[in-house]
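Note that the numbering used here has the sequence shown beginning at 142, numbered continuously upward. Structure record follows, encoded as structure tokens.
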Amino acid sequence: MAELVTTEAAAMLGQARRVVVFTGAGMSAESGVPTFRDALTGLWQRYDAHALATPEAFRDDPALVWGWYEWRRCAVRRAQPHEGHLAVAAIETHAPHAVVITQNVDDLHERAGSKAPVHLHGSLFAPRCSACAQPAPPPDGTAEEPIEGRRTPPPRCAHCAAPVRPGVVWFGEALPQQALEAAVEEAASCDLLLTVGTSGLVYPAAEIPQVAARMGATVIQVNPQPTPLDAVSDVNLRGPAARVLPALVQAAWGDPEPPQSG
Ligand code: BJW
Ligand code: ZN
142 MAELVTTEAA
152 AMLGQARRVV
162 VFTGAGMSAE
172 SGVPTFRDAL
182 TGLWQRYDAH
192 ALATPEAFRD
202 DPALVWGWYE
212 WRRCAVRRAQ
222 PHEGHLAVAA
232 IETHAPHAVV
242 ITQNVDDLHE
252 RAGSKAPVHL
262 HGSLFAPRCS
272 ACAQPAPPPD
282 GTAEEPIEGR
292 RTPPPRCAHC
302 AAPVRPGVVW
312 FGEALPQQAL
322 EAAVEEAASC
332 DLLLTVGTSG
342 LVYPAAEIPQ
352 VAARMGATVI
362 QVNPQPTPLD
372 AVSDVNLRGP
382 AARVLPALVQ
392 AAWGDPEPPQ
402 SG
């Protein structure tokens, strides 16, 4: 434990009354879900964000974009939450008030037992019509899994027949208003914010830890690498989420069992 978390960080977490856990792609990395910007493994190293994660990309080539998101959705369905996700859910049971605010479009927090994570960038599991915004069911599990790089024409909306789009937030799009408002409110009123596995480069989400810091909350960062959020963090725990978070929860409240080393 000693090299993973500090007693100072554990004491701060154990004493906090209102906690925000703010997560990014690094939270899911050890479940096998790739991040976006890591040097060797990030999605944006292999794929062009402008050709896949913008409204213009979907308008120009809906089958390319839909196929890529279906490939990712199927990969997430096969992934499992790790010990770090379970530790986040444990924080929700220990702290008097705690909420997860995530930039992730997977459902690993929910599957680990987190109650109602706020999804700032939408979800792979909530497709909607690109014209009338009616929710559309994700294709069922019996459909053929798209292989990487395969174009897959999107389904048509049952109401207006326009193409269905992934329910995620692309560059240049507004974040869901209710989620953003809830996130800002929680950040402004928390006394401790734990930021985990985010590069802190994408706005307005990156404002959330900054809001908490400005309002006087303690900020603890969990990330193996330095980020711009180092500047607002009171404590930097340099390590992977699946190891640091269980150790932090263990040191703060005495459970869950610390992960086996080696
Ligand atoms: C580990 C680990 C382990 C590894 N354990 N850690 C101000 C300045 C300049 C530009 C802008 C600005 N404000 C807004 C913009 C534009 C833009 C933006 O921010 N661009 C920047 C890139 C410069 N923002 C937008 O366009 C946003 N919309 C907007 O501003 O709308 C305005 C508007 C208002 C009103 C009307 C209309 C418009 C929308 C942003 C949407 C972002 N979408 C994506 C894709 C989602 C769908 C998908 O999944 O495909 O969201 S991009 C991608 O980045 C994804 C992520 O949620 C987001 C953040 O990435 P994240 O999570 O931080 O991941 P990484 O990979 O960057 O970092 C991983 C970290 O984990 C690293 O630090 C590792 O070290 C660490 N790590 N392993 C712990 N095991
Ligand atoms: Zn429609």
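Where a beta carbon is used, it is the ideal one built from N, C-alpha and C, also for glycine.
So what does T404 bridge to, in DSSP terms? Nothing about residue 404 can be reported from this structure: the residues present for the chain run from 142 to 403 only.
For ligand 1, is there any heavy atom lying closer than 8 Å to the beta carbon of D332? Taking the first residue of the sequence shown as position 1, residue 332 is located at position 191. Flag unset: Cβ of D332 not near ligand 1.
Considering only heavy atoms of ligand 1, does any lie closer than 8 Å to the CB of V309? Against the sequence shown, residue 309 aligns to sequence position 168. Yes - ligand 1 has a heavy atom lying nearer than 8 Å to the Cβ of V309.
Is T234 helix, strand or coil when you go by DSSP? Taking the sequence shown and counting its residues from 1, one reaches residue 234 at position 93. Reduced to three states, the DSSP call for T234 is helix.
Beta bridge counterpart(s) of N364 as assigned by DSSP: Translated into the one-based positions of the sequence shown, residue 364 becomes position 223. None; N364 has no bridge partner.
If you drop the 5 nearest sequence neighbours on each side, which residues of the same chain put their C-beta closer than 6 Å to that of T336? On the sequence shown, position 195 is the one that residue 336 refers to. Within the same chain, T336 has close Cβ partners F163, P350, Q362, L370.
Following the continuous beta strand (DSSP E) through T336, name the residue where it begins and the one where it ends. In the sequence shown, counting from the first residue as 1, residue 336 sits at position 195. Looking at the DSSP string, the run of the beta strand (DSSP E) that includes T336 is 333 to 337.
Using three-state DSSP, classify A150 as helix, strand or coil. If you number the sequence shown from 1, residue 150 lands on position 9. Correct three-state label for A150: helix.
Determine the DSSP secondary structure at R178, reduced to helix, strand or coil. Sequence index remark: in the sequence shown, residue 178 carries index 37 (1-based). Three-state result, R178: coil.
Quick check: the Cα distance between A315 and L261, rounded to an integer number of angstroms? Numbered from its first residue, the sequence shown carries residue 315 at position 174. Numbered from its first residue, the sequence shown carries residue 261 at position 120. Answer to the nearest angstrom: the Cα atoms are 10 Å apart.
Closest to R379 by C-alpha separation, out of A388, V373, P367, would be which residue? Taking the sequence shown and counting its residues from 1, the one referred to as residue 379 is at position 238. Of A388, V373, P367, the residue nearest in Cα terms is P367.
Give a yes or no on contact between the segment 293 to 301 and the segment 176 to 185, applying the rule of three or more CB pairs nearer than 8 Å. no
What is the DSSP secondary structure of V385, counted as helix, strand or coil? The residue labelled residue 385 in the question sits at position 244 within the sequence shown. DSSP places V385 in helix when its eight states are reduced to three.
Taking 8 Å as the cut-off, does the CB of A274 come closer than this to any heavy atom belonging to ligand 2? Start at 1 with the first residue of the sequence shown, and residue 274 comes out as number 133. Result yes, Cβ under 8 Å from ligand 2.
Let me confirm a value: I232 is counted as buried when at least 16 other C-beta atoms fall within 10 Å, else exposed. Which label applies? Position 91 of the sequence shown, counted from the first residue, corresponds to residue 232. It is buried - the Cβ of I232 has at least 16 other Cβ atoms within 10 Å.
Cα-Cα separation, A372 to E348: Taking the first residue of the sequence shown as 1, we reach residue 372 at position 231. Taking the first residue of the sequence shown as 1, we reach residue 348 at position 207. Taking the straight line joining both Cα atoms gives about 13 Å.
Using the rule of at least 16 other Cβ atoms within 10 Å of the residue's Cβ for burial, across every protein chain shown, is Q401 buried or exposed? Within the sequence shown, the letter at position 260 stands for residue 401. Confidence is the limiting factor: at Q401 the pLDDT is only 45, short of 50, which leaves the residue's position unreliable and the question unanswerable from this model.
P307 versus E289 - alpha carbon distance: Your numbering for residue 307 matches position 166 in the sequence shown. Your numbering for residue 289 matches position 148 in the sequence shown. P307 and E289: Cα-Cα distance of roughly 17 Å.
Considering just the uninterrupted stretch of the beta strand (DSSP E) at R306, what are its terminal residues? Within the sequence shown, residue 306 is the residue found at index 165, counting from 1. Its beta strand (DSSP E) spans residues 305 to 309.
Using the Cβ count rule (16 or more neighbours within 10 Å means buried), how would you classify F312? For the purposes of this step, residue 312 is taken as the residue at position 171 of the sequence shown. Answer is exposed; the Cβ neighbour count stays below 16.
Roughly how far, in whole angstroms, is the beta-carbon of A166 from the beta-carbon of F177, given that I think they are within contact range, below 8 Å? As a working note, residue 166 is residue 25 in the sequence shown. As a working note, residue 177 is residue 36 in the sequence shown. Right, the Cβ-Cβ distance comes to about 6 Å (below 8 Å), so this counts as a contact.
Using the Cα positions of A382 and M168, report the straight-line distance between them to the nearest angstrom. In the sequence shown, the residue the question calls residue 382 occupies position 241. In the sequence shown, the residue the question calls residue 168 occupies position 27. Taking the straight line joining both Cα atoms gives about 6 Å.
Could you tell me if the beta carbon of A303 falls within a distance shorter than 8 Å of some heavy atom in ligand 2? Position 162 of the sequence shown holds residue 303. It does: the Cβ of A303 is within 8 Å (strictly closer) of some heavy atom of ligand 2.
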